[in-house]
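Everything below concerns the one structure shown next.
There are 2 protein chains.
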Amino acid sequence: MTVDPLAHPTSDDVAARLRSRGLRVTGPRLTVYRTLARLGGHRSADQVAAAVAGDGPGLPRTSVYNALKALADAGLVAAVDAGPGTALYEVHGHSHHHFLCRRCEALLDVPAATPVQDLLGLQLPGAVIESAQVVLRGVCPQCAGTPAS
Amino acid sequence: MTVDPLAHPTSDDVAARLRSRGLRVTGPRLTVYRTLARLGGHRSADQVAAAVAGDGPGLPRTSVYNALKALADAGLVAAVDAGPGTALYEVHGHSHHHFLCRRCEALLDVPAATPVQDLLGLQLPGAVIESAQVVLRGVCPQCAGTPAS
DNA sequence: ATCCAGATTTAGACCCTGTACAAATTTAGA
DNA sequence: TCTAAATTTGTACAGGGTCTAAATCTGGAT
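Shown next as structure tokens:
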């Protein structure tokens, strides 16, 4: 079993990453991370909680939220705002942005070929930009091909 | 009184814009739009509702939400996600993006000198990109100058 | 000028996501 | 092994937004 540099971090990687941020390595955090990685894509906290519950005793809702927050602080998980009251989480992989279709509500990944924060950072002297989230809205290619209802 | 091309749209402009989208021109929609324009900046739905109430009989909370949604559909108002469960609205003026300070929670405007959607649109062939929202996160210039607590 | 169909407003209850709290438990270093 | 501090857990709570159905209003047709 060779090491694939593109694969998700192993549990050991996750543990090291948490420790390096001064966060403790706990069961819920590893469970939530592994579940989110296995599910892939954009998932709500409750989707994660449901998936965790499907694998065994499950975790309280609050614990899933706590774990997601800790993982996000450690930079292992990214939170995406897909509208008010709709937070989605995903394992932090290669940088990309999001496109939200107004017609079918699909959430598509958009490659981040351009370093957006570099461009915009110039406009905000003195600020430390730690992350940039881009949400594009419009009509996705599939819906654009069919006439509006 | 000359026409200032940089001024907010008049009520007539707003009415025309609503009609062009197949939306009806109603009292609540005009009231909400005018109030948001008068307040300026980024406002929550409840802030708008409170301001409306201060001017007379007020509007039910639901009506404010409905109106904001209709105005957003018409492109007259922009909704900014400033984290989960925190939607802010602003009159859709010149394109700009937002920076959210992790330390003091300030929400700053960032000039959009670069046409972000043009850059990213290239990555999504066939899609109709109607808006691009960029939320930068980090530490604002003021907080960056003071040591962390 | 009046009418009508359909969109919109309104009022209320409701849901959902996330947070606050305090006690029990667990981690990690001594 | 032992201890202090971080974390988990269960419960309750809060804010923001949505759903529903009846009343009202808009805008085109008559």
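One line per chain: the protein sequences are V and S, in this order.
Quick note: the first sequence, position 16, residue 19 per my numbering, numbers continuous.
Quick note: the second sequence, position 100, residue 103 per my numbering, numbers continuous.
Where is the CB? At the ideal position from N, CA and C, for every residue including glycine.
Cβ of residue i within 8 Å of any chain V Cβ
{"i": "residue 107 of chain S", "result": "no"}
{"i": "residue 142 of chain S", "result": "yes"}
{"i": "residue 128 of chain S", "result": "yes"}
{"i": "residue 9 of chain S", "result": "Note that residue 9 of chain S scores a pLDDT of 46, beneath 50, so its modelled location is shaky; the value from the coordinates is reported in the next line. No, because no Cβ of chain V sits closer than 8 Å to the Cβ of residue 9 of chain S."}
{"i": "residue 79 of chain S", "result": "no"}
{"i": "residue 147 of chain S", "result": "yes"}
{"i": "residue 139 of chain S", "result": "yes"}
{"i": "residue 131 of chain S", "result": "yes"}
{"i": "residue 52 of chain S", "result": "no"}
Nearest residue (CA-CA) to residue i, options the options
{"i": "residue 75 of chain V", "options": "V:106, V:133, V:141", "result": "V:133"}
{"i": "residue 66 of chain S", "options": "S:51, S:100, S:80", "result": "S:51"}
{"i": "residue 38 of chain V", "options": "V:22, V:19, V:62", "result": "V:62"}
{"i": "residue 58 of chain S", "options": "S:137, S:42, S:69", "result": "S:42"}
{"i": "residue 97 of chain V", "options": "V:72, V:80, V:106, V:108", "result": "V:80"}
{"i": "residue 25 of chain V", "options": "V:92, V:77, V:47, V:44", "result": "V:77"}
{"i": "residue 71 of chain V", "options": "V:145, V:34, V:86", "result": "V:34"}
{"i": "residue 83 of chain S", "options": "S:73, S:69, S:99", "result": "S:99"}
{"i": "residue 109 of chain V", "options": "V:138, V:143, V:60", "result": "V:143"}
{"i": "residue 48 of chain S", "options": "S:64, S:15, S:40", "result": "S:64"}
{"i": "residue 147 of chain S", "options": "V:87, V:32, V:127", "result": "V:127"}
{"i": "residue 129 of chain S", "options": "V:137, V:111, V:88", "result": "V:111"}
{"i": "residue 86 of chain S", "options": "S:138, S:69, S:114", "result": "S:138"}
{"i": "residue 45 of chain V", "options": "V:31, V:55, V:89", "result": "V:89"}
{"i": "residue 73 of chain V", "options": "V:22, V:15, V:140", "result": "V:22"}
{"i": "residue 114 of chain V", "options": "V:17, V:136, V:32", "result": "V:136"}
{"i": "residue 145 of chain V", "options": "S:140, S:131, S:145", "result": "S:131"}
Secondary structure of residue i, DSSP reduced to three states
{"i": "residue 21 of chain S", "result": "helix"}
{"i": "residue 54 of chain S", "result": "helix"}
{"i": "residue 63 of chain S", "result": "coil"}
{"i": "residue 33 of chain S", "result": "helix"}
{"i": "residue 41 of chain S", "result": "helix"}
{"i": "residue 79 of chain V", "result": "coil"}
{"i": "residue 114 of chain S", "result": "strand"}
{"i": "residue 48 of chain V", "result": "helix"}
{"i": "residue 74 of chain V", "result": "helix"}
{"i": "residue 85 of chain S", "result": "coil"}
{"i": "residue 130 of chain S", "result": "coil"}
{"i": "residue 104 of chain S", "result": "strand"}
{"i": "residue 147 of chain V", "result": "helix"}
Residue-level contact to chain S via CB, residue i, 8 Å cutoff
{"i": "residue 70 of chain V", "result": "no"}
{"i": "residue 55 of chain V", "result": "no"}
{"i": "residue 136 of chain V", "result": "yes"}
{"i": "residue 67 of chain V", "result": "no"}
{"i": "residue 113 of chain V", "result": "yes"}
{"i": "residue 5 of chain V", "result": "For residue 5 of chain V, the pLDDT reaches just 44, beneath the cut-off of 50, and the residue's location in the model is therefore unreliable, leaving the point undetermined."}
{"i": "residue 15 of chain V", "result": "no"}
>> Residues of the segment 82-100 of chain S in Cβ contact with chain V at a cutoff of 8 Å, in chain order, please.
In response: Within the segment 82-100 of chain S, the residues whose Cβ lies closer than 8 Å to some Cβ of chain V are 82, 84, 86, 87, 88, 89, 90, 100, listed in chain order.
> Are the segment 97-106 of chain S and the segment 84-102 of chain V touching, with three or more C-beta to C-beta distances below 8 Å?
Replying inline: Proximity of the segment 97-106 of chain S to the segment 84-102 of chain V falls short of the contact definition, fewer than three beta-carbon pairs being nearer than 8 Å.
>> Output needed in chain order: residues of the segment 17-35 of chain S with a Cβ under 7 Å from some Cβ in chain V.
In response: Of all residues in the segment 17-35 of chain S, none has a C-beta nearer than 7 Å to a C-beta of chain V.
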